[in-house]
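Trainee: The sequence shown begins at 1 in full-length UniProt numbering and counts up by one. Ideal Cβ positions, reconstructed from N, Cα and C, are used throughout, including at glycine.
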Amino acid sequence: MTYRLLLNYQETYQEIYMLKIGVIGCGAIGARICKAIDTGNINAQLVAIYDRSSEHCENLFKSLENKPVIARPLELISKADIVVECASQAAVRELGLSVLERGKDLMVMSVGALMDPDLLKEFILAARKNDCRIYAPSGAIAGIDGLKSASIATIDKVVLSTTKNPKGLSGAPFIVENNIDLSSFYEKTLIFEGNAKEAVRSFPANVNVAASLSLAGIGAEKTHVKVFVDPEATRNIHEITVIGDFGMFTSRIENVPSPDNPRTSLLAALSAIATLKKITEPLQIGT
Numbered sequence: 001m002t003y004r005l006l007l008n009y010q011e012t013y014q015e016i017y018m019l020k021i022g023v024i025g026c027g028a029i030g031a032r033i034c035k036a037i038d039t040g041n042i043n044a045q046l047v048a049i050y051d052r053s054s055e056h057c058e059n060l061f062k063s064l065e066n067k068p069v070i071a072r073p074l075e076l077i078s079k080a081d082i083v084v085e086c087a088s089q090a091a092v093r094e095l096g097l098s099v100l101e102r103g104k105d106l107m108v109m110s111v112g113a114l115m116d117p118d119l120l121k122e123f124i125l126a127a128r129k130n131d132c133r134i135y136a137p138s139g140a141i142a143g144i145d146g147l148k149s150a151s152i153a154t155i156d157k158v159v160l161s162t163t164k165n166p167k168g169l170s171g172a173p174f175i176v177e178n179n180i181d182l183s184s185f186y187e188k189t190l191i192f193e194g195n196a197k198e199a200v201r202s203f204p205a206n207v208n209v210a211a212s213l214s215l216a217g218i219g220a221e222k223t224h225v226k227v228f229v230d231p232e233a234t235r236n237i238h239e240i241t242v243i244g245d246f247g248m249f250t251s252r253i254e255n256v257p258s259p260d261n262p263r264t265s266l267l268a269a270l271s272a273i274a275t276l277k278k279i280t281e282p283l284q285i286g287t
C-alpha cells in the first residue's frame, strides 16, 4: 500500500512539475519540436500551439497523440513555462516582451530579431526583472561553444560564408530588392558581402546563424558574412573562421535542407530540441 502511494505521489509530482512548453509557429521547425515533445524525446509537456495559419495548426494538431490546446498568443503564454518562437522576426518583436514580462522563459529561433540593440536591451532588462531566461539555440551551425569560450579573451575576426541552392534564397529581401534572377546562375557565385546586421536584414529567413555568431562573439558590426548561390548545391553549407588570442578554428557544416522548407536546415530544428533537452535534464555538457 505504501509503495503504491509513493508511485502515485511521484507520478503526480512529475505531472505537476513537468516543464510546460508553448510553441508559436507550426511550420517545419515548430512541427518537429512539437513531435519531439509528443514522442517523449523531450521530458516536457506541450500545452499549447499557435500559428497565424489555422491550416498549419490543424495539421500539426491532428498529427500529435497528446493533444495541446490551439490557443491565441496571450493564452498560450499564460499556460506555458517556456514559449518557443518558430515563426518570424516579426513574431519575436510582437510577442517576445509579453512572454518575459509575464515571467516566462523565451526561446528565440528567429535570432535575427535580436540584432536590434534596443529590442535586445529591452528583453534582457525584462528577463532580469522577472527572473526568466532567453534562449537562442545555435541553429544550423557548429562551433558556438568554442566561440563563446574564445570571447572570454580577445577575438580578432569572425567570418561566416554561407552557400545555398537558389531555392533556399528565393524571396529574400536582398534578392527581391536587387531584382536578382536566381535562375541565371550556373556556378557558385558570391551575391552578398557585408556585416552580420546587414546580412540578417537582407536574408532574414536564411542567415539567422549570423545573428547567433554575433551574439556569441564580437557583435554584428564586426562579424563578416558572405552569401553564395550555387545551383549545384544540394545542402546548405556554413563555413566559419574564428581568429583570436586562443588561436584559430574553422568549422564547416553541410546541412540537409528541411524537407518542408528549403530555406532552413534540419539541424536548426534539432538544435532547438537539444536546447530543450538540456533545460530539462540534470547533466549539462558543453559550454
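(1) Kindly identify the DSSP beta-bridge partner or partners of Val108.
(2) How about Ala80 and Leu60: do their beta carbons lie closer than 8 Å?
(3) Does DSSP classify Thr287 as helix, strand or coil?
(4) If you measure between the beta carbons of Glu94 and Ala126, is that distance less than 8 Å?
(5) Using 10 angstroms around the beta-carbon of Met109, count the other beta-carbons present and answer buried if the total reaches 16, otherwise exposed.
(6) Measuring CB to CB, does Pro262 end up less than 8 Å from Lys121?
(7) Applying the 10 Å Cβ sphere with the 16-neighbour rule, what's the burial state of Ala272?
(8) If we count the other Cβ atoms within 10 Å of its Cβ and call it buried at 16 or more, is Tyr186 buried or exposed?
(9) In angstroms, rounded to a whole number, what distance separates the CA positions of Thr264 and Asn130?
(10) Let me know the alpha helix (DSSP H) ranges lying completely inside the stretch 90-137, each 4 residues or longer, listed in chain order.
(11) In or out: Ala48 buried (at least 16 other Cβ within 10 Å) or exposed?
(12) Which whole runs of the beta strand (DSSP E) in the stretch 216-271 are 3 residues long or more, in chain order?
(13) Give a yes or no on contact between the stretch 216-232 and the stretch 150-170, applying the rule of three or more CB pairs nearer than 8 Å.
(14) Within this structure, are the beta carbons of Ile141 and Val209 separated by less than 8 Å?
(15) Under three-state DSSP, which class holds Leu276?
(16) Let's see if you can read the secondary structure: which residues bound the alpha helix (DSSP H) around residue 295?
(17) Within this structure, are the beta carbons of Leu64 and Cys34 separated by less than 8 Å?
(18) Answer with buried or exposed for Lys188, where buried requires no fewer than 16 other C-beta atoms within 10 angstroms of its C-beta.
(19) Name the DSSP beta bridge partners of Thr163, please?
(20) Excluding the 5 residues flanking Ile29 on each side, which residues of the same chain have their C-beta closer than 7 Å to its C-beta?
(21) With DSSP collapsed to three states, give me the class of Glu198.
(22) In whole angstroms, give me the CA-to-CA distance for Tyr13 and Ala44.
(23) Grab me the residues of Thr241's own chain with a C-beta within less than 6 Å of its C-beta, minus the 5 sequence neighbours each way, in chain order.
(24) Using the Cα positions of Pro204 and Glu177, report the straight-line distance between them to the nearest angstrom.
(25) Terminal residues of the continuous beta strand (DSSP E) containing Ile49?
(26) Cα separation between Ser151 and Ile42?
(27) May I ask which residues mark the beginning and end of the alpha helix (DSSP H) holding Ser147?
(28) For Asp38, which residues in the same chain have their Cβ closer than 7 Å to its Cβ, ignoring the five residues on either side in sequence?
Mentor: This is what the structure holds:
(1) Beta-bridge pairing links Val108 to Glu85.
(2) Against a cut-off of 8 Å, the Cβ pair of Leu60 and Ala80 comes out as no contact.
(3) If DSSP states are grouped into helix, strand and coil, Thr287 belongs with coil.
(4) No. Outside cutoff.
(5) By the 10 Å Cβ count, Met109 comes out buried.
(6) No, Cβ-Cβ distance for Pro262 and Lys121 is not below 8 Å.
(7) The residue is buried, with at least 16 neighbouring Cβ atoms inside 10 Å.
(8) An exposed status is given to Tyr186, since fewer than 16 other beta-carbon atoms sit within 10 Å of its beta-carbon.
(9) If you draw a straight line from the Cα of Thr264 to the Cα of Asn130, it is about 32 Å long.
(10) Assignment of alpha helix (DSSP H) within the stretch 90-137, counting only whole runs of 4 or more residues, yields 117-129 in chain order.
(11) Ala48 is buried by the Cβ-count criterion.
(12) DSSP assignment within the stretch 216-271 yields the following whole beta strand (DSSP E) runs of 3 residues or more, N-terminal first: 223-229, 236-244, 247-255 and 261-265.
(13) In short, these stretches touch, since the Cβ pair count reaches three.
(14) Yes; because the gap between Cβ atoms is below 8 Å, this pair is in contact.
(15) It is helical.
(16) There is no way to answer for residue 295, as the model of the chain reaches only from 1 to 287.
(17) The answer is yes: Cβ separation under 8 Å.
(18) Per the 10 Å Cβ criterion, exposed.
(19) DSSP output for Thr163 lists Phe228 and Ile237 as bridge partner(s).
(20) Closer than 7 Å at Cβ, skipping near neighbours: Cys86, Met109, Thr264, Ala268, Ala269 and Ala272.
(21) Annotated three-state conformation of Glu198 is helix, per DSSP.
(22) Note that Tyr13 has pLDDT 41, beneath the 50 cutoff, so the model's placement of it is unreliable and the number below is only indicative. In a straight line, the C-alpha of Tyr13 is about 13 Å away from that of Ala44.
(23) These residues qualify, in order along the chain: Val159 and Thr250.
(24) Approximately 14 Å, taken between the alpha carbons.
(25) Unbroken beta strand (DSSP E) run through Ile49: Ala44 to Tyr50.
(26) Their Cα atoms are separated by approximately 30 Å.
(27) Looking at the sequence itself, residue 147 is Leu, so the reference to Ser does not match. Counting along the chain, the alpha helix (DSSP H) containing Leu147 begins and ends at Ile144 to Ala150.
(28) Cβ neighbours of Asp38 beyond the five flanking positions: Leu46, Leu64, Glu65 and Asn66.
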